[in-house]
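A.B. asks:
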Amino acid sequence: MAAVRFTLNGRPVAEERVPPTTTLLDYLRGTRRLTGTKEGCAEGDCGACTVAVARPDGGWQAVNSCLMLLPQVDGTAVVTVEGLAAADGTLHQVQQALVETDATQCGFCTPGFAMAMFAFQHGGEPAEDDRIHEALAGNLCRCTGYRPIVDACRRIAGIAPTTVPTAGIAPASETFGDDGHRFFAPSTLADLTALVERYPDAWLLGGGTDLGLAVTKQRQRPTVVISTSRVPELKRITVTDDALEFGGAVTYTEALPHLDAAFPSFAALVRRIGSRQIRNLGTLAGNLANASPIGDTPPCLMALDAEIVLRSATGQRRIPADRFITGYRQTALRPGEVIEAIRIPPLRAGQRFVAYKLSKRFDQDISAVVAAFRVTTKAGTLSDLRAFYGGMAATTARAAAVEAALTGQLWTSASLAGIDAAVARDFAPLDDQRATASYRLAAAANLLRRLVAETSDDPAPVRLEAL
Amino acid sequence: MNAPPPPPTGTARRGAHAAVRHDSAVGHVTGRAVYLDDMPLPPNTLEAALVLSTHPHARLRGIDLSAALAVPGVVAAITADDIPGRNDIGPILRDEPALAAGVAEYAGHPIAAVAADTLEAAREGAARVVVDYEPLPTVLTVEEALEHKLYVAPPQIMTRGDPDAALVAAPIRLSGEVRCGGQDHFYLEGQIAIAIPGEDRDMQVYSSTQHPTEVQHGVAHLLGLPFNQVTVEVRRMGGAFGGKESQATIIAGIAAVLAAKSGRPVKLRLARDDDMLATGKRHPFLIRYDVGIDAEGRILALDMMLAADAGNIADLTPPVVTRALCHVDNCYWLPHVRVTGLACKTHKVSNTAFRGFGGPQGMLAIEALVDDVARHLRLPADTVRARNFYGVGRNNVTPYGMTVEDNIIERVTGELARAVDLPGWRAAVDAFNAKSPVVKKGLATVPVKFGISFNLPTLNQAGALVHVYTDGSVHLNHGGTEMGQGLFVKVAQVVAEAFSIDVSMIRISATSTGKVPNTSATAASSGSDLNGMAALNAAQTIRGRMAEVMAERFAVPVEEIAFDDGRVFARNESLAFGELAQLCWSRRVSLSSTGFYRTPKIHWDAATCTGRPFFYFTYGAAAAEVAIDTLTGELRVLRAELLQDCGASLNPAIDLGQIEGAFVQGMGWLTSEELWWDPSGALRTHGPSTYKIPGSRDVPPVFNARLLADAPNREATVFRSKAVGEPPLMLALSVWLAIRDAVASVGPVGAKVELDAPATPTRVLAAVERIRVCEIL
């Protein structure tokens, strides 16, 4: 067992005594008495706990410290709001900008915003509203109405950031904790599969953006946690003629540039999953393995006919994405297996891919309905349709009646006459806090109307986000 | 179009009317501003957790704490039976319990609490408390409560003229029904309190509260102590919005009982889910109306019911309903009117104060009505509004009998309309809609008139305590609390103005019941009106004494002494402010004073719902443009233009922040923020993952908020300023009305829009589908 080593506001830290299921937030506020970082929700949705983390191979990223287990920062540099100002007290540019724009009222969210802006500034992004909102989507403010915060963000965009030291990142360890609670961070695929076989009840941790909730909300204390995030084979992204392949530990943030190039509609949807804080940690494979009925990526992967590569100590097998989820929060993963990769075949001639997400709030909301379609047309006729929905059933589900009703028809709105009935044959959704059943049915059918308008020769209606 | 703040006009460099920055801004951005959870505490401090009812209505046959007490680290566990004094923290009515006694009345009702060496152990202990529930029949909706006439307080009826006869006589009669949802405060800092036992059963309480005096009273009741043994202090809150007015007392009270029981300091900080489940929110309202109008849209008679979902107890519901009744008129003359306010009892969390305090719901009611009238008559809504505005010198008495003496609504709406070219804007929206079959835009305006003062005259008082030290630095304390709204810096500016010194000379200190007693809540937008005047009173007392010393020292008449820019002048002689303070001390003249203020002119008769409850009105107007997707019900707010009357603003920078923040908060109430209870009575939206307040992208990309220029308060408020905390929230009604306008664009002209609030995608799509098949007779 080894100490968790990292730098904290520029100073090296080796922490041996803290249980490995301690969250980074509790560690900062409790053990270190760095109380600038706040707990607002302990579920990764308000951003008050935001800190910046840099891995040896990357730049500063904003993360939710409430969802991270302390060993996840091993081998990184961590900066909190206390580490921003210079030693002489001179404010960092993001702090100065927030002060000058009158962007603080109660101030409780402010440290989190400062850290999100710090990461944004280090990313070198332009002062475009869309980028700023993307960077701030993980931070809630209840006082200001955001206008001054956005103004502050505009001020610091594109300015060379004040240096904050990242030096002294310690070498990584692979095992943490004590006999009661262990945290493994293996560095080879063979070690990972051996551990998973040895500890079949262990938590397999990708980014921890969902499992972290079991710690903070349900007070679970797993005896063994195995992290996938250090396995090089699982961090690979491979682009070939026959597939775009994401390793099982690839985060949303890492996947996004490739999705932008290959499937822009998928990428646009991924940008609405959680926030940057979440996407910097969360993985595509985790979203799939979670098997939530309202997961946003499973419908996309299924509509794209992706293949899931599963690996165990004894070998590898591949199954289609649409057979991976077997029930409510159930998957085809066998004991000892991990998701090694997700392989997405490219679109062929005549194919289009479109995904939609419906929620009460545009950013960082859980879908009421999510839909993904791969449309194959030939001479104005629909030759093939793969249509998958989330939020309509206990699992991500295929709209078989919709596919059957439309396949072979002319791909125009005139073919949609019976679409509401087809959707109603496919799904019997529930009323819940996100939407009513009747809304889900109506909207699911209307998304097909929008789909046809956007992928046929019909005039495409404007989208709200384009206004 | 954001107007730059006007230059300081006070004689002091940064006194009244200056755009001084929030006093804690640097503390906020560095993380050095200390909130309760950040305070260093004695090493023997316990952490605590609540046990919440899982049933909406159940007899508590037994509460078994033994498993909780067996958890390593758990030190104490309590139920209502462990309360040494009276189980009463009701802000208005008596015997509203801190811990459920015998019966739990909502899912989330605190029924026990556990204190332990660590938070983890406390929460583990709380999870192990075994409660034996005997489920009882539940009432979960306002409709059920109305049917059974279940109220937490008697109905309030406000009547003027003969509404029944006038309705019969009216040429046109319309009726309607509309609902608005509740709203969680979602202060970023959750409810928290620290109770530290002292000598002789004294209890020192640090509470994130807007109302330290009420916490003091609640803790004293629970512990069976006189008020002088309980001291409550708060330096700042991480947001409150009304949610820490009465609700903070629950948390502080339970912490104090645990502290008394264990003899150790106790911190009770609620997890976000517990906070949202256990504490009250904005009241949902069901509104029904019957209105008589003429063909030009003039309202001749109105009979309206406002039924508030009070939840399980009264808490602050009676005055919330009163304020709703007092704002049904908004800016409109209602010659014959009856408004019935009902406080419906349901087995849900007791609703409470929330920015606007019933005003937003009352105003939503009349604005929905005006919208219905305008569509029915096929008139522009602004035309109908203008025809119903209160007059000047005529048609200017509210339904509760108060004459509107300071009416500037036509000025405010006129200035806004001219600034934004409303006709051109409307034409652009119509042109867009003509070409866009799926996405539809809507445009609407709203005028706002909001009454300032607590409805109950007694509450309109405040105290302050000012010390001048011999170096000229000033210690300021008053009964108001700082929740982010900038009250502390505003009151400091007032004191700086009084002494003609820079605001940096004033040290703002934590609110404490030990320094200023018997205070009112910092609420009803009244913080700077009341506490600013009290502090001014204290400062003027000291200034008067200092002036006399100066006059004596230089042998000039006291009326010739002038305080200016950090110095005090006696003809050609002058002393620095600090030098004069030193001189006063050496001549044994007191440099400390309390100050007091009570609002003049106000009175209220609760039995008849008549009087002059408000010292003055504040006015505002807004215009908003939205777009909806008629396939999915999604919406975006594209543009908002706001104009708010702040009188002669005490601090234009702070006020601008209040206007913008209130508007966005109101927008959330009316659009994305939905509280959803499942059929069993459990709230399923109890964290930010399920309860969606606006994010930065939801703020309209074109968003201009302006302060009305050259509009000093005609009443003698502190430096002729006006209150600002709540009124701009109601400007967000423009967004909801614009959504209705967008929905109307897909229906036949003259069709009624049936859309409740919040306008979630579910409701917008349903409204679109209804109006599409609507037939106009």
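Quick note, the sequences are listed as chains A and B, same order. Take the first sequence: its position 464, counting from 1, is numbered 464 in our numbering, and each next residue is one higher. Take the second sequence: its position 740, counting from 1, is numbered 740 in our numbering, and each next residue is one higher. All C-beta atoms, glycine included, are put in the ideal place defined by N, C-alpha and C.
Do you know whose CA, among A/C66, A/L91, A/L8 and A/G145, lies nearest B/P728's CA?
C.D. replies: Considering only alpha carbons, the answer is A/G145.
A.B. asks: Residues in its own chain within less than 8 Å of A/A453 by CB, not counting five upstream and five downstream?
C.D. replies: S413, P459, A460 and P461
A.B. asks: What distance in whole Å lies between the Cβ atoms of B/L60 and B/G102, which are believed to be in contact at a cut-off of 8 Å?
C.D. replies: 6 Å
A.B. asks: Can a CB atom of chain B be found closer than 8 Å to the CB of A/K360?
C.D. replies: yes
A.B. asks: By Cβ distance, which residues of its chain are closer than 8 Å to A/A103, with the 5 residues on each side in sequence left out?
C.D. replies: A97, T110, F113, T144, P148, I149, D151 and A152
A.B. asks: Helix, strand or coil: which one does DSSP assign to A/F120?
C.D. replies: helix
A.B. asks: Taking A/R440 as part of the alpha helix (DSSP H), name the residues at either end of that continuous run.
C.D. replies: A437 to T455
A.B. asks: Count the other CB atoms, across all protein chains shown, that sit within 10 Å of the CB of B/E497; report buried if there are 16 or more and exposed otherwise.
C.D. replies: buried
A.B. asks: Cutting at 6 Å between CB atoms, please list the residues of its own chain near B/V556, excluding the five before and the five after it.
C.D. replies: Exclusion of the five residues before and after B/V556 leaves A570 and R571 as the residues of its chain whose Cβ lies within less than 6 Å of its Cβ.
A.B. asks: Determine whether the Cβ of B/M363 lies closer than 8 Å to any Cβ atom of chain A.
C.D. replies: no
A.B. asks: Within 10 angstroms of the Cβ of A/E340, are there 16 or more other Cβ atoms? Answer buried if so, exposed if not.
C.D. replies: Label assigned to A/E340: buried.
A.B. asks: In whole angstroms, what is the alpha-carbon distance linking B/G666 and A/P232?
C.D. replies: Those two C-alpha atoms are separated by around 49 Å.
A.B. asks: I'd like to know whether the C-beta of B/S24 is nearer than 8 Å to at least one C-beta of chain A.
C.D. replies: yes
A.B. asks: Report yes if the CB atom of A/A303 is closer than 8 Å to the CB atom of A/F388, and no otherwise.
C.D. replies: yes
A.B. asks: Can you pull out the residues from the region 74 to 91 of chain A whose beta carbon lies closer than 8 Å to at least one beta carbon of chain B?
C.D. replies: Correct list: T80, V81, E82, L84, A85 and L91.
A.B. asks: Quick check: B/L258 and B/A193, are their CB atoms within less than 8 Å of each other?
C.D. replies: no
A.B. asks: Looking at chain A, is there any beta carbon in it that lies within less than 8 Å of the beta carbon of B/R21?
C.D. replies: yes
A.B. asks: A/V369: which of A/D88, A/D296, A/S415 and A/A321 sits nearest, CA to CA?
C.D. replies: Per the C-alpha coordinates, the member of A/D88, A/D296, A/S415 and A/A321 positioned closest to A/V369 is A/D296.
A.B. asks: According to DSSP, is B/M1 part of a helix, a strand, or is it coil?
C.D. replies: Low confidence applies to B/M1: its pLDDT is 38, below 50, so where it sits in the model is not reliable, and the reading given next is rough at best. B/M1 falls in the coil class under three-state DSSP.
A.B. asks: Between the region 172 to 189 of chain A and chain B, which residues of the former have CB atoms less than 7 Å from a CB of the latter, in chain order?
C.D. replies: none
A.B. asks: So is A/N287 buried or exposed if we call it buried at 16+ other beta carbons inside 10 Å?
C.D. replies: A/N287 counts as buried, since at least 16 other C-beta atoms from the protein chains shown sit within 10 angstroms of its C-beta.
A.B. asks: Does the Cβ-Cβ distance between B/N537 and B/G595 come in under 8 Å?
C.D. replies: In this structure, the beta-carbon distance from B/N537 to B/G595 falls below 8 Å.
A.B. asks: Just how far apart, CA to CA, sit A/R449 and A/A466?
C.D. replies: 18 Å
A.B. asks: Quick check: B/A627 and B/L731, are their CB atoms within less than 8 Å of each other?
C.D. replies: Against a cut-off of 8 Å, the Cβ pair of B/L731 and B/A627 comes out as no contact.
A.B. asks: Determine the extent of the beta strand (DSSP E) in which B/T445 is found, giving its start and end residues.
C.D. replies: V439 to I452
A.B. asks: Output yes or no for whether 8 Å exceeds the beta carbon distance between B/C326 and B/P613.
C.D. replies: yes
A.B. asks: Below 7 Å on C-beta distance, what does B/A33 contact in chain A?
C.D. replies: Under the 7 Å cutoff, chain A gives G107.
A.B. asks: Roughly how many angstroms separate the alpha carbons of B/L286 and B/S520, rounded to a whole number?
C.D. replies: 30 Å
A.B. asks: Please report how far the alpha carbon of B/P423 lies from the alpha carbon of B/L443, in whole angstroms.
C.D. replies: Here the alpha carbon of B/P423 sits roughly 11 Å from the alpha carbon of B/L443.
A.B. asks: Label B/N518 either buried or exposed according to how many other C-beta atoms from any shown protein chain fall within 10 Å of its C-beta, with 16 as the threshold for buried.
C.D. replies: exposed
A.B. asks: In whole angstroms, what is the alpha-carbon distance linking B/A127 and B/L65?
C.D. replies: Straight-line Cα distance between these residues: approximately 10 Å.
A.B. asks: Roughly how many angstroms separate the alpha carbons of A/R398 and A/I237, rounded to a whole number?
C.D. replies: 28 Å
A.B. asks: Going straight from the alpha carbon of B/E233 to that of B/H57, what length do you get?
C.D. replies: The straight-line gap from Cα to Cα measures roughly 35 Å.
A.B. asks: I'd like the list of long-range same chain contacts for B/V764, defined as Cβ closer than 8 Å, with 5 residues on each side in sequence excluded.
C.D. replies: I628, G633, E634, L635, I739, V743 and L755
A.B. asks: Whole angstroms is fine: what's the gap from A/E43's alpha carbon to A/L67's?
C.D. replies: 7 Å
A.B. asks: Where A/R5 and A/G30 are concerned, what is the direct C-alpha to C-alpha distance, given to the nearest angstrom?
C.D. replies: 18 Å
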